[in-house]
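Colleague: Residue numbers (my numbering), protein chains in the order written: chain A, -11 to 334; chain B, 56 to 342. We put the beta carbon where it would ideally sit given N, CA and C, even for glycine. Please find one structure pasted underneath; my questions will follow.
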């Protein structure tokens, strides 16, 4: 009992000292609580479905950010990893009868391999060359999918997959839980030593090389990590929608991922996740005028970017928080002195 | 013979598109995803002027190209120029722009496939293959446009300025060239090229609001294969990929959907051997 009390007090002081001091952290905490508590308020199947799809795409957008936002390896073919994940898990499920619990991780493994296959030739390419080359890979795979209609179902895709669970709440907590866990994992990766090297590769690859770091290995690591997370989301998508079709490989999906991530703010992980949670439901709720849907979406993106070219979430964060000029620790915008080193904030 | 004709036409279209794309990339470092959307809008504009309004096709085409150039300049001035420093933002701004064009076209003209009449009718047979005069005319116009462009870039002062900005922006700026005005002019030339492509291709193909997607991919493949910013490279690569597509369609008629995959695989193979493209120059790393 005493031990429990001790841990509770420790948890309380941790929350008070580290979470409640910054509005952005409060928002992240609220996000966790609201997502986990939502079924208590409403069990509307439509709402639940939208949130599940949003979570799946949020993982995809964050995985793009992990590769392209952090290491600066502009990848225009994120749909490749998503499609490989979806198709592999669907094929394993249908043809070898592996249950969904096994086929989704195996699909992710296949996506890691795809990441390596794309990553190795792309090591020699930089910037725009890289972006334009990666765009080609999903299209090549799409050609292969159409060329083998017996195996992949051609244009119709592979349908009739089982869901991971059949209950509404089970599905909800499974997908939302995956998002929260994977999001935290990705954020931890980018916050670690590896993440710092990723940042450095984007800023100045030559300097990183000169510091004796094998940038090739780290770039391949970024490619395979990104493939892993995108593949997982692809597998989840295939099993949730119960179909893996060529739409998972389309160029428009690759572009949409890029839009989501840049709209939220790159190199943050939380930015892309938040922007998917804003844009995807928005797109769903304007379904009343189907012919104007994409138009409204494009206009919103364009207008917001004109005023906040760094991304919506980054912009919002800079408004509510400021950085201490001396110790580089973030503070609420209302403070006049830093909460750690008491230096004057400007 | 069919292969040669189809290859020449696809190649010419890709060449015009990719030269415009690589011009604006070279000068302003803008990856303009909306480039082929301008081409789509131009084709629709010509359709509207000549079929719906009953204008004679040739003034209709010129009017449409002028209008699309104006549209491109406005888009550049108000949407792209303010966020030029943020590479990612520019990228998705152009994607959003392309989507807007697509949706607006979809609203006005609906998604039905539309087609135009040729400027000159008739054909002659050569070696048992029908060759339409329209195809020859399109090819001739493409060659003419490229000649004019070559003259503009290589022989005039403006061309010299464009080339030097592409080579080294800072030094060119120090030599007294107005970088932002040149970027504006180049944007105009680039969009006009897209417009001309639309004009040349419109009588030969069916129009649909999604017709910008496929050439976009092929255009990027051409630009990368030929080397970014190299006009000769774009020209050669466009015909290589154009003929590859035509060959694939001819050899495996059932596998016409493979044409994109094969062409893109060739691009990746070449890039493995020469990362800077066929005619590209390996740039000093910008830091």
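List, in order along the chain, the chain A residues whose C-beta lies closer than 8 Å to that of residue 278 of chain B?
Modeller: Chain A residues near residue 278 of chain B: 120.
Colleague: In the DSSP assignment, find the unbroken alpha helix (DSSP H) run with residue 176 of chain A in it and report its ends.
Modeller: Residues 156 to 179.
Colleague: Measuring CB to CB, does residue 297 of chain B end up less than 8 Å from residue 75 of chain B?
Modeller: No, they are not a contact pair.
Colleague: I'd like to confirm the pairing. Which residues does DSSP put opposite residue 341 of chain A in its beta bridges?
Modeller: Any property of residue 341 of chain A remains undetermined from this structure, which presents chain A solely from -11 to 334.
Colleague: What is the DSSP secondary structure of residue 332 of chain A, counted as helix, strand or coil?
Modeller: In this structure, residue 332 of chain A counts as strand in the three-state DSSP scheme.
Colleague: Note down, in chain order, each residue of its chain lying with its Cβ closer than 6 Å to the Cβ of residue 149 of chain B, except the 5 sequence neighbours on either side.
Modeller: 87, 88 and 89, listed in sequence order.
Colleague: Compute every distance between the C-beta of residue 30 of chain A and the non-hydrogen atoms of the ligand MG, then say whether any falls below 7 Å.
Modeller: You won't find the ligand MG in this model; it holds no ligand whatsoever.
Colleague: Counting Cβ pairs, one atom from each stretch, are 3 or more of them under 8 Å apart for the stretch 10 to 29 of chain A and the stretch 213 to 226 of chain A?
Modeller: These segments do not touch.
Colleague: Report yes if the C-beta distance between residue 82 of chain B and residue 250 of chain B is below 8 Å; otherwise report no.
Modeller: No, the Cβ-Cβ distance between residue 82 of chain B and residue 250 of chain B is not below 8 Å.
Colleague: Counting only beta-carbon atoms, is residue 65 of chain A nearer than 8 Å to chain B?
Modeller: False, the Cβ-Cβ gap to chain B never drops below 8 Å.
Colleague: Could you tell me the distance, in whole angstroms, from the CA atom of residue 133 of chain B to the CA atom of residue 219 of chain B?
Modeller: Approximately 26 Å, taken between the alpha carbons.
Colleague: Short of 8 Å in beta carbon distance, which residues of its chain neighbour residue 245 of chain B, apart from the five on each side in sequence? Order them along the chain.
Modeller: Closer than 8 Å at Cβ, skipping near neighbours: 75, 76, 78, 79, 87, 90 and 127.
Colleague: Does the stretch 140 to 157 of chain B come within contact of the stretch 247 to 256 of chain A, defined as at least 3 CB pairs closer than 8 Å?
Modeller: At 8 Å Cβ cutoff, the stretches touch.
Colleague: Can you tell me the Cα-Cα spacing of residue 271 of chain A and residue 168 of chain B, whole angstroms?
Modeller: Rounded to the nearest angstrom, the two C-alpha atoms are 27 Å apart.
Colleague: If I measure Cβ to Cβ from residue 118 of chain B and keep anything under 7 Å in the same chain, skipping five residues before and after, which residues do I get?
Modeller: If we look at residue 118 of chain B and ignore the five residues flanking it on each side, its Cβ neighbours are 104.
Colleague: Consult DSSP for residue 285 of chain B and reduce its assignment to one of helix, strand or coil.
Modeller: Here residue 285 of chain B sits in coil by DSSP.
Colleague: Grab me the residues of residue 300 of chain B's own chain with a C-beta within less than 7 Å of its C-beta, minus the 5 sequence neighbours each way, in chain order.
Modeller: Closer than 7 Å at Cβ, skipping near neighbours: 65, 314 and 318.
Colleague: Who are the Cβ neighbours of residue 82 of chain A in its own chain at under 8 Å, not counting the five residues just before and after it?
Modeller: Closer than 8 Å at Cβ, skipping near neighbours: 146, 148 and 149.
Colleague: Which of the three DSSP states is assigned to residue 325 of chain A in this structure?
Modeller: It is a strand residue.
Colleague: Give the straight-line distance between the Cα atoms of residue 340 of chain B and residue 41 of chain A, rounded to the nearest whole angstrom.
Modeller: Because residue 340 of chain B carries a pLDDT of 45, less than 50, the predicted location of this residue cannot be relied on, and the following value inherits that uncertainty. Taking the straight line joining both Cα atoms gives about 41 Å.
Colleague: Taking 8 Å as the CB-CB limit, is residue 342 of chain B close to chain A?
Modeller: Below a pLDDT of 50, predicted positions are generally treated as unreliable, and residue 342 of chain B, at 40, falls in that range; the measurement from the model is reported next regardless. Closer than 8 Å: yes.
Colleague: If you run the structure through DSSP and keep just helix, strand and coil, what is residue 198 of chain B?
Modeller: Looking at residue 198 of chain B - three-state DSSP - the assignment turns out to be helix.
Colleague: Is residue 312 of chain B close to chain A? Criterion is C-beta to C-beta, closer than 8 Å.
Modeller: For residue 312 of chain B, the answer is yes, since a Cβ of chain A falls inside 8 Å of its Cβ.
Colleague: Could you tell me the alpha carbon to alpha carbon distance between residue 291 of chain A and residue 119 of chain A, rounded to whole angstroms?
Modeller: Looking at the two C-alpha atoms, the distance is approximately 24 Å.
Colleague: Interface residues of chain A around residue 323 of chain B at Cβ under 7 Å?
Modeller: 109, 121 and 124, listed in chain order.
Colleague: Would you identify the three-state DSSP class for residue 255 of chain A, choosing helix, strand or coil?
Modeller: Coil.
Colleague: What number of angstroms, rounded off, separates the C-alpha of residue 96 of chain B from the C-alpha of residue 161 of chain B?
Modeller: Residue 96 of chain B and residue 161 of chain B: Cα-Cα distance of roughly 11 Å.
Colleague: For chain A, is any of its Cβ atoms less than 8 Å away from the one on residue 268 of chain B?
Modeller: It does: the Cβ of residue 268 of chain B has a partner Cβ on chain A nearer than 8 Å.
Colleague: Against chain B, with Cβ distances strictly below 8 Å, would residue 206 of chain A count as a contact?
Modeller: Not closer than 8 Å to any Cβ of chain B, the Cβ of residue 206 of chain A fails to qualify, so no.
Colleague: Beta-carbon within less than 7 Å of residue 185 of chain A's beta-carbon, same chain only, minus the 5 sequence neighbours each way: which residues are those?
Modeller: Excluding positions up to five away in sequence, the list reads 196, 201 and 206.
Colleague: With three or more C-beta pairs closer than 8 Å as the rule, is the stretch 108 to 126 of chain A touching the stretch 61 to 72 of chain A?
Modeller: The stretch 61 to 72 of chain A, when compared against the stretch 108 to 126 of chain A, does touch it at the 8 Å Cβ threshold.
Colleague: Do you know how far the Cα of residue 136 of chain A is from the Cα of residue 75 of chain A?
Modeller: If I take the Cα positions, the gap works out to 13 Å.
Colleague: Should residue 131 of chain A be flagged as near chain B, meaning a C-beta pair shorter than 8 Å?
Modeller: Taking Cβ atoms only, chain B reaches closer than 8 Å to residue 131 of chain A, which makes this a yes.
Colleague: Would you identify the three-state DSSP class for residue 100 of chain A, choosing helix, strand or coil?
Modeller: Residue 100 of chain A falls in the helix class under three-state DSSP.
Colleague: May I ask you to report which of helix, strand or coil DSSP gives residue -1 of chain A?
Modeller: Residue -1 of chain A: helix per DSSP, three-state reduction.
Colleague: Out of curiosity, what's the CA-to-CA distance linking residue 289 of chain B and residue 264 of chain A?
Modeller: If you take the alpha carbons of residue 289 of chain B and residue 264 of chain A, they lie about 37 Å apart.
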